[in-house]
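Letter by letter, the sequence shown follows residues 1 to 396 in UniProt numbering. No residue lacks a Cβ here, since even glycine has one placed at the ideal position from N, Cα and C.
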Amino acid sequence: MSRIPRIVILGAGYGGIVTAIRLQKELNYNEADVTLVNKHDYHYITTHLHMPAAGTDNPENARVNILKLIDEFKIDFVKSTVVQIRPHEKKVILEEGTLSYDYLVVGLGGEPETFGIPGLKEHALSIRSINSVRFIREHIEYQFAKFKREPSRTDYLTFVVGGAGFTGIEFVGELADRIPQLCKEHDVDPSIVKIYNIEAAPTALPGFDPELVEYAMKVLENKGVTFKIATAIKECTPEGVSLATGEEIKAATVVWTGGIRGNHMLDDAGFETMRGRIKVDDYLRAPGHENIYVLGDCSIVMSPEGRPYPPTAQISMQQADVCAHNLVASIRGEQLKSFVYQSKGTVASLGRGEAIGIVGSRKLKGGTAAVMKKLVDMRYLYIIGGIPLVLKKGRF
Ligand code: FAD
Ligand code: NAD
1 MSRIPRIVIL
11 GAGYGGIVTA
21 IRLQKELNYN
31 EADVTLVNKH
41 DYHYITTHLH
51 MPAAGTDNPE
61 NARVNILKLI
71 DEFKIDFVKS
81 TVVQIRPHEK
91 KVILEEGTLS
101 YDYLVVGLGG
111 EPETFGIPGL
121 KEHALSIRSI
131 NSVRFIREHI
141 EYQFAKFKRE
151 PSRTDYLTFV
161 VGGAGFTGIE
171 FVGELADRIP
181 QLCKEHDVDP
191 SIVKIYNIEA
201 APTALPGFDP
211 ELVEYAMKVL
221 ENKGVTFKIA
231 TAIKECTPEG
241 VSLATGEEIK
251 AATVVWTGGI
261 RGNHMLDDAG
271 FETMRGRIKV
281 DDYLRAPGHE
291 NIYVLGDCSI
301 VMSPEGRPYP
311 PTAQISMQQA
321 DVCAHNLVAS
331 IRGEQLKSFV
341 YQSKGTVASL
351 GRGEAIGIVG
361 SRKLKGGTAA
371 VMKKLVDMRY
381 LYIIGGIPLV
391 LKKGRF
């Protein structure tokens, strides 16, 4: 390579933006050309999206202008949508043009996993981006307006959330907080509104601490959420959902939080995937492609027990640190670093002032966990944008 190497980062989510920020610190002048591609000119804080989706926060608070996070003298930013990755040609096709690379970082995030359940793709909403949560919020508000015109249609005010994983639980917590305000605004009797959280597994938050799960369910039930546990959604139609038990729920709003898979572009590019995600090697590279790093929801990292770690913002950021290190090391001919995940714990919100979490060996619940959740969120803002971003976007 006689010219300086070209690094292209696809996606400015947790994995992509943190990689770019680390590279702009680590690389010396003229050591590499770094280009960051993202379909919007903003980064969104996915971990906040349940709030604007329910309307308890403004979507503006969950997005940050990318040019405020990167140094344009060190990183070229291209606002465009990636349409194809061509690993054998070392090229990426964008909506507007083509980029060649020597090293590629794929951080395009996940997509809703619908497991082929009929009607979900067509009729259910999902919490994935700023635009998707704006739509959900407006849709919910519109149902109240429609109910005022047709008060016999209680299905307008029936909300089904499919999947009681962390996304489902966090969203129903916010939705339950928003309902009293919407009832007041639209002069609707709150007892007409129903929120169902449906879970296929024998418990909500499968795999999480049972005592904290019980606490979470109690808090949410007290706010008006009805859980239907150990019954899967089998079909979604414009009228609502059918469950494995044979029960049908008429609902004008179905929000699917039943899991995620990797970005479809990885399958399209011919990589070997599991549910759209690439099982990366120890250095976070796609097997057989020493110049392609895969991060976040597009990747699978196995635990020492041989199970995939859950795809989270936390693991994406830790991957980004190692990916940036390995890119710099490759360019300098130095030793690559293996990725070892270090869980810092899990904290999930249950709506205003309530949360659950495990940090280290400590179980947290209620107000203490809610404060911890805010601290975790602020730590992320600090990592990507320092104190100014914490002051601007932090939810105190
Ligand atoms: P993302 O953050 O999803 O970013 C992908 C980026 O790629 C986006 O900027 C997107 O615009 C861009 N992009 C996508 N397609 C294209 C394209 N074709 N062309 C150009 N750009 C494209 N994890 C935690 O650890 N803690 C939490 O508290 C937590 N809370 C969550 C709450 C919610 C409501 C949700 C939905 C998820 C939560 N997660 C949490 C999970 C976490 O958000 C994801 O694991 C994380 O966002 C994955 O990061 P990523 O970099 O892989 O992708
Ligand atoms: P998930 O895969 O963790 O949970 C999906 C849930 O839907 C599961 O409990 C599953 O059993 C259920 N489900 C699947 N099919 C179903 C069906 N047909 N009917 C009813 N239920 C069904 O997905 P998620 O909650 O979107 O989370 C995605 C990732 O993001 C996870 O790794 C999660 O840990 C992470 N996350 C973390 C936080 C946090 O730490 N606060 C918040 C949100 C998401």
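Problem set entry | As assigned by DSSP and simplified to three states, the class of ILE192 | helix
Exercise. Buried or exposed: which applies to ALA178, given that a residue is buried once 16 or more other Cβ atoms fall within 10 Å of its Cβ?
Worked result: The residue asked about is misnamed: residue 178 is Arg in this sequence, not Ala. ARG178 comes out buried.
Exercise. Tell me the DSSP bridge mates of PRO308?
Worked result: MET302
Exercise. Which class does LYS88 belong to by DSSP, given the choice of helix, strand or coil?
Worked result: With the sequence shown as reference, residue 88 is identified as His, and Lys is not the correct amino acid for it. Reduced to three states, the DSSP call for HIS88 is coil.
For this session: Can you grab the Cα-Cα spacing for the pair GLU31 / ILE7, in whole Å?
Result: Rounded to the nearest angstrom, the two C-alpha atoms are 11 Å apart.
Exercise. So is the beta-carbon of SER152 under 6 Å away from any non-hydrogen atom of the ligand FAD?
Worked result: no
Problem set entry | VAL105, enclosing beta strand (DSSP E) - first and last residue | If you look at VAL105, you'll find it in the beta strand (DSSP E) that goes 103-106.
Problem set entry | Whole-angstrom distance between TYR103 and LEU120, CA atom to CA atom | 37 Å
Exercise. Does the beta carbon of ILE260 fall short of 6 Å from some heavy atom of the ligand NAD?
Worked result: Taken from the Cβ of ILE260, at least one heavy atom of the ligand NAD lies inside 6 Å.
Exercise. Mind checking whether ALA348 and TYR14 have CB atoms under 7 Å apart?
Worked result: Going by C-beta atoms, ALA348 is not nearer than 7 Å to TYR14.
Problem set entry | Straight-line gap, ILE387 to TYR380 (C-alpha atoms, nearest Å) | 11 Å
Problem set entry | Beta-carbon gap between ILE45 and ALA62 smaller than 7 Å | Yes; because the gap between Cβ atoms is below 7 Å, this pair is in contact.
Problem set entry | Exposure of GLY288, with buried meaning 16 or more beta-carbon neighbours within 10 Å | So GLY288 counts as exposed.
Exercise. Apart from the five residues just before and just after ASP281, which ones in its own chain have a Cβ nearer than 8 Å to its Cβ?
Worked result: PRO287
Exercise. Would DSSP call TYR29 helix, strand or coil?
Worked result: Looking at TYR29 - three-state DSSP - the assignment turns out to be coil, as it is neither helix nor strand.
For this session: Below 8 Å on the Cβ atoms is my guess for SER299 versus ARG277; work out the distance and round it to an integer in Å.
Result: Their Cβ separation, rounded to whole angstroms, is 6 Å, which keeps SER299 and ARG277 in contact under 8 Å.
For this session: Report the three-state DSSP secondary structure of THR158 (helix, strand or coil).
Result: strand
Exercise. Can you tell me the Cα-Cα spacing of GLY345 and SER191, whole angstroms?
Worked result: 37 Å
For this session: Taking 8 Å as the threshold, find out whether the stretch 114-130 comes into contact with the stretch 208-220 through three or more Cβ pairs.
Result: With the cut-off at 8 Å, the stretch 114-130 and the stretch 208-220 do not touch.
Exercise. CB TYR196 to CB LYS223, shorter than 7 Å?
Worked result: no
For this session: Would you list the one or two residues that DSSP bridges to ASN197?
Result: VAL161, PHE227
Exercise. To which residues of the same chain is ASN65 closer than 7 Å at the C-beta, ignoring the five residues directly before and after it?
Worked result: In chain order, ASP41, TYR42 place their CB closer than 7 Å to the CB of ASN65, counting only its own chain and leaving out the 5 sequence neighbours on each side.
Exercise. I think THR158 touches HIS50, with their Cβ atoms under 8 Å apart; what is that distance to the nearest whole Å?
Worked result: Rounded, the Cβ-Cβ distance is 19 Å, inconsistent with contact.
Problem set entry | Sequence-distant residues of the same chain with beta carbon closer than 6 Å to VAL359, five excluded per side | GLY345
For this session: Go ahead and pull the three-state DSSP assignment for LYS279.
Result: strand
Exercise. From what residue to what residue does the beta strand (DSSP E) around GLY58 run?
Worked result: The sequence given here has Asn at residue 58, not Gly. Where ASN58 is concerned, there is no enclosing beta strand (DSSP E), given that its DSSP letter is neither H nor E.
For this session: Output the distance between the C-alpha atoms of VAL92 and VAL34, rounded to the nearest integer angstrom.
Result: 14 Å
For this session: With a threshold of 6 Å, establish whether the CB of THR81 neighbours any heavy atom of the ligand FAD.
Result: yes
Exercise. What are the partner residues of ASP76, as DSSP defines its beta bridges?
Worked result: Its beta-bridge partners are THR35.
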